[in-house]
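What follows is a single structure, written as structure tokens, with notes after it.
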Amino acid sequence: MSQTSTRPSQAEQETPRRLGAGPAFAMAAVLLVTMIGTTLPTSLYSRYEEWIGFGVEMTAVVFAVYALGVIVALLVTGRWSDTLGRKPLMAAALTVGIASDVVFLFASDSLGVLLAGRVVSGFSAGITVGTASVFIVETAAGRLGSRASDVGGGANMLGLGIGPVLAAVLVASGPWTFQLTYLVHAALCVVGLLVLSTARETVDTPSPRPAGALSPLKPALPAEVRADFVRVSILAFAGFAVFGLYTALIPTVTADVLGISAAVPVSLIILVAYAASVLGHQVVRPLSERNATLVAVALLVAGMACLALSLWQASTVAIVFAGLFGGAGQGVAFNRGLAVLTSRAPGDQKGAVTSTFFVVCYVAISVPVILAGILVAHLGAEVAGLWFALAVAVLAVVAGVLTLAQERRQG
Numbered sequence: 331m332s333q334t335s336t337r338p339s340q341a342e343q344e345t346p347r348r349l350g351a352g353p354a355f356a357m358a359a360v361l362l363v364t365m366i367g368t369t370l371p372t373s374l375y376s377r378y379e380e381w382i383g384f385g386v387e388m389t390a391v392v393f394a395v396y397a398l399g400v401i402v403a404l405l406v407t408g409r410w411s412d413t414l415g416r417k418p419l420m421a422a423a424l425t426v427g428i429a430s431d432v433v434f435l436f437a438s439d440s441l442g443v444l445l446a447g448r449v450v451s452g453f454s455a456g457i458t459v460g461t462a463s464v465f466i467v468e469t470a471a472g473r474l475g476s477r478a479s480d481v482g483g484g485a486n487m488l489g490l491g492i493g494p495v496l497a498a499v500l501v502a503s504g505p506w507t508f509q510l511t512y513l514v515h516a517a518l519c520v521v522g523l524l525v526l527s528t529a530r531e532t533v534d535t536p537s538p539r540p541a542g543a544l545s546p547l548k549p550a551l552p553a554e555v556r557a558d559f560v561r562v563s564i565l566a567f568a569g570f571a572v573f574g575l576y577t578a579l580i581p582t583v584t585a586d587v588l589g590i591s592a593a594v595p596v597s598l599i600i601l602v603a604y605a606a607s608v609l610g611h612q613v614v615r616p617l618s619e620r621n622a623t624l625v626a627v628a629l630l631v632a633g634m635a636c637l638a639l640s641l642w643q644a645s646t647v648a649i650v651f652a653g654l655f656g657g658a659g660q661g662v663a664f665n666r667g668l669a670v671l672t673s674r675a676p677g678d679q680k681g682a683v684t685s686t687f688f689v690v691c692y693v694a695i696s697v698p699v700i701l702a703g704i705l706v707a708h709l710g711a712e713v714a715g716l717w718f719a720l721a722v723a724v725l726a727v728v729a730g731v732l733t734l735a736q737e738r739r740q741g
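Structure below.
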């Protein structure tokens with residue numbers, strides 16, 4: 331679950347290799363299809379609970395193991411597209427996505443198979459986020475060139491938000507409760523492979539291959555970015571924890587507190603958070619890094635206040651606004667945080683710093699969700715949600731304080 335990639339691209343120095351808006355949007359569509367597959371199970375969790383027989387704690391675990399696949403893929407394949415090319419890695423991501431769909435076809439009565447499907451799905455996403463956004467930038471041209479990373483980020487987040495909606499609609503209107511969703515996504519991936527086959531490669535693959543070119547990325551934190559890393563990572567952690575909650579546990583919260591269990595309206599509530607992430611980043615683009623950070627803090631605090639209000643008053647409107655503000659805060663926090671780190675990290679360690687930041691983000695989307703699932707099971711959705719909202723708000727405020735303190739020291 332990542333919005334952009336910042337690895338320096340060969341095409342940025344070779345403008346003749348840039349192809350135009352059409353190919354860039356085609357690659358964005360391929361990215362969107364890949365990311366849709368990673369959140370399809372969200373609308374099916376309640377049915378998995380019923381058919382397989384597990385509770386909210388295991389639902390959180392089923393969601394969280396996805397992050398394990400993402401992190402492994404990021405670290406193992408993070409360098410590969412620079413050596414093997416963008417197209418092979420994107421094709422691999424789509425193929426692994428199809429493999430996860432096949433696994434999910436047999437997951438309706440097996441927790442182990444369901445967990446395996448989530449890990450494979452996460453691996454598909456991990457390959458994609460390390461390759462797709464830079465591929466989009468490399469294929470863009472003209473006016474789109476300066477906004478190409480936004481196109482990639484938007485496709486990423488909208489794909490994540492569309493996944494639950496697509497699954498909910500298919501479950502509500504089609505046959506084969508579990509199978510149809512994954513068959514449709516597999517078909518979309520096949521279309522994505524066909525589109526990808528028409529794209530032009532943007533990397534001249536070296537021959538012979540440099541030594542260590544396919545070695546795993548090693549997370550690193552050079553001294554030049556440590557202070558920045560702490561504050562932007564705390565804020566990004568808060569934002570991604572919100573996404574983890576919305577993707578994994580909001581169906582449980584809406585059913586237990588609001589009495590809303592129909593998959594389509596619940597999935598639309600989730601979509602609001604992801605769409606707000608894209609819009610929030612765009613709205614604050616003109617702001618300085620300091621002001622954008624403070625806006626992200628304010629949005630996350632406001633979102634958690636709305637979440638607390640929704641639980642206290644059983645308000646559907648409030649939980650929608652919680653996703654709106656929280657999602658927008660996440661979008662600002664992640665994009666600006668990543669921009670800060672990549673602009674200030676040493677040139678030969680940008681990839682390692684980015685990898686470390688991604689690891690923090692995916693820990694944030696998994697560990698807090700597991701803890702929240704345990705609290706929901708033992709204390710109820712209302713109390714667990716209030717503690718979660720308080721923790722996220724405190725983290726956001728701490729990040730804001732650290733930002734202001736660092737500004738005073740530097741000023």
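Residue numbers (the working numbering): 331 to 741. Ideal Cβ positions, reconstructed from N, Cα and C, are used throughout, including at glycine.
Close CB contacts of glycine 415 within its chain, under the 6 Å cut and outside five residues either way in sequence, are with Glu531, Val533, Thr535 (chain order).
Serine 527 sits in a helix when the DSSP states are folded into three classes. Residue state for arginine 739 is assigned as helix, using DSSP reduced to three classes.
Per DSSP, reduced to three states, the secondary structure at aspartate 586 is helical. In the DSSP annotation of this structure, the continuous segment of the alpha helix (DSSP H) that includes phenylalanine 434 starts and ends at 416 to 435. Annotation: the region 435 to 505 contains the following complete segments of the alpha helix (DSSP H) (minimum length 4 residues), in chain order: 441 to 459, 462 to 469, 478 to 503. For valine 613, the secondary structure class from DSSP, reduced to helix, strand or coil, is helix. Rounded to whole angstroms, alanine 516 and phenylalanine 718 show a C-alpha spacing of 35 Å.
For glutamine 643, the uninterrupted alpha helix (DSSP H) run begins and ends at 619 to 643, by DSSP. Note that the C-beta distance between leucine 362 and isoleucine 492 is below 9 Å. Counting C-beta pairs closer than 8 Å gives three or more between the region 568 to 580 and the region 682 to 701, which meets the contact rule. For a cut-off of 8 Å, the C-beta gap from valine 706 to alanine 714 is around 4 Å, short enough to register as a contact. Ranked by Cα distance from serine 376, the options Val602, Ala578, Leu609 are led by Ala578. The continuous stretches of alpha helix (DSSP H) do not include phenylalanine 384, and DSSP gives it neither H nor E. Scanning the region 690 to 715 for uninterrupted alpha helix (DSSP H) segments of 4 residues or longer gives 697 to 709, listed from N- to C-terminal end. At the C-beta level, alanine 729 and serine 597 stay beyond 9 Å of one another.
The alpha-carbon separation between leucine 510 and leucine 637 amounts to approximately 33 Å.
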